[in-house]
Amino acid sequence: MMIDELKYEALLNTEEIRRRIEKFESLDLSFTSSEQILSAILDIFSVEDEGKKTFIFEYVLTTMSNHERFYRVRKLDSFPQNRAPCEADFWNHPEAPINRFNRAGEKVLYASKDVETPLQELRVGKSEPFILIEYINTLPLILCPSEISNRYSDKKPISEALGMLNNFITSLARINVGENERYKYKATRALADLLYMLTDSLEETLDGIFYVSVHTGEMKNIAIKGKKLNKLMINNMWVASRNELNTINLYKQIFIESGTIRCEKVSLSSIEHFARNISLIPY
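Numbering-wise (my numbering), the sequence shown opens with residue 3 and increments by one.
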């Protein structure tokens, strides 16, 4: 059932929204299914109009033009230890079945708009070696931002009720997940289901979700659907570490040709676009 924005906002009840959010926050996510979480989210946004429940959840898609750079960090122990690495190892998704914003059964590639964010996300220690992968998109990427606080911004001042809804979704997208708390990702899985269900055409149109890093607080992370990886290519790869001064040390550059992987001296042209401290280490 469709409802216009002004009527929807008029039907929002601040106290009822607060009560529903408190009820949601009392859920034990370790025992609550993603479907139940999604139902609870929809309940928070729903209003009753002419005896029927309905809701509005606006989205503003972001298009990233060709040749944007995205970065991924892989710790060395995340690669297979019983064989030499192959090209697929640089594209694979996390082994855990549930991660931030991946839907049930969906494989997702996680990357960031800068190098520092994935280093923070993976808690890479000083002097700890890692593989730094730089992707570029060969086709435009259409992403749905997980934040909705910028919506309604061109209209009248945001109401308390809409502000509460915006803040709720923002906190859901940024939910902090501890070492043994992967079940909390079910909240972001439910949110991803919600974002994809908004229109019939969005499922095929959308390439992924653009979201805020819980470690840096910046909108730098992307979760790209596995079936949309044909829009990306590996641009550069390096063996690297980070020193006590927070400088990235690059030891070797990794090349893949005809399925064969080799390491060579780092090419200066491969790093000239970096805006942070980069050091080349002869090795």
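Heads up, the beta-carbon is just placed ideally off N, CA and C, and yes, glycines get one too.
Identity of the residue in Tyr-253, Thr-140 and Leu-197 nearest Ser-231 by Cα
In the sequence shown, the residue the question calls residue 231 occupies position 229. In the sequence on display, residue 231 carries Leu and not Ser. Of the listed residues, the one whose Cα sits closest to Leu-231 is Thr-140.
Residue(s) in a DSSP beta bridge with Val-75
Numbered from its first residue, the sequence shown carries residue 75 at position 73. Answer is Leu-134, bridged to Val-75.
Using the Cα positions of Val-75 and Pro-87, report the straight-line distance between them to the nearest angstrom.
The count along the sequence shown starts at 1 and reaches residue 75 at position 73. The count along the sequence shown starts at 1 and reaches residue 87 at position 85. C-alpha separation (whole angstroms): 15 Å.
Under the three-state DSSP convention, the category Ala-194 falls into:
As a working note, residue 194 is residue 192 in the sequence shown. Of the three classes helix, strand and coil, the one that applies to Ala-194 here is helix, per DSSP.
8 Å Cβ cutoff met for Asp-209 and Ile-236
Residue numbering aside, residue 209 sits at position 207 when the sequence shown is read from its first letter. Residue numbering aside, residue 236 sits at position 234 when the sequence shown is read from its first letter. Cβ distance not < 8 Å, so Asp-209 and Ile-236 don't count as in contact.
Mapping the DSSP letters down to three states, classify Gly-127 as helix, strand or coil.
What you label residue 127 is simply residue 125 of the sequence shown in a count that begins at 1. Note: Gly-127 maps to coil in three-state DSSP.
Applying the 10 Å Cβ sphere with the 16-neighbour rule, what's the burial state of Val-49?
Stepping through the sequence shown from its first residue, residue 49 is reached at position 47. Buried.
Is there contact here, the stretch 11-20 with the stretch 160-180, by at least three beta-carbon pairs under 8 Å?
yes
Note down, in chain order, each residue of its chain lying with its Cβ closer than 6 Å to the Cβ of Ser-32, except the 5 sequence neighbours on either side.
Position 30 of the sequence shown, counted from the first residue, corresponds to residue 32. Tyr-185.
From what residue to what residue does the beta strand (DSSP E) around Asp-45 run?
As a first step, residue 45 must be located in the sequence shown, where it is residue number 43. Premise fails: Asp-45 lies in the alpha helix (DSSP H), 36-47, not in any beta strand (DSSP E).
Proximity below 8 Å, CB of Ile-23 to CB of Ile-39:
To locate residue 23, count along the sequence shown from 1; it is residue 21. To locate residue 39, count along the sequence shown from 1; it is residue 37. No, the pair does not count as a contact, with Cβ atoms beyond the cut-off.
Could you compute how far the alpha carbon of Ser-114 sits from the alpha carbon of Glu-52?
By one-based count along the sequence shown, residue 114 stands at place 112. By one-based count along the sequence shown, residue 52 stands at place 50. Going from the Cα of Ser-114 to the Cα of Glu-52 covers about 45 Å.
Option nearest Leu-79 by Cα separation, candidates Ile-43, Pro-120, Phe-132 and Ile-138:
What you label residue 79 is simply residue 77 of the sequence shown in a count that begins at 1. First, the residue type needs correcting, since residue 79 is Asp and not Leu in the sequence shown. Nearest option by C-alpha distance: Phe-132.
Ser-173 - containing alpha helix (DSSP H), residue span
On the sequence shown, position 171 is the one that residue 173 refers to. That run of the alpha helix (DSSP H) goes 162-175.
Counted within 10 angstroms of its Cβ, other Cβ atoms place Glu-123 as buried (16 or more) or exposed:
Locating residue 123 in the sequence shown gives position 121, where the first residue counts as 1. Looking at its Cβ environment, which holds 16 or more other Cβ atoms inside 10 Å, Glu-123 is buried.
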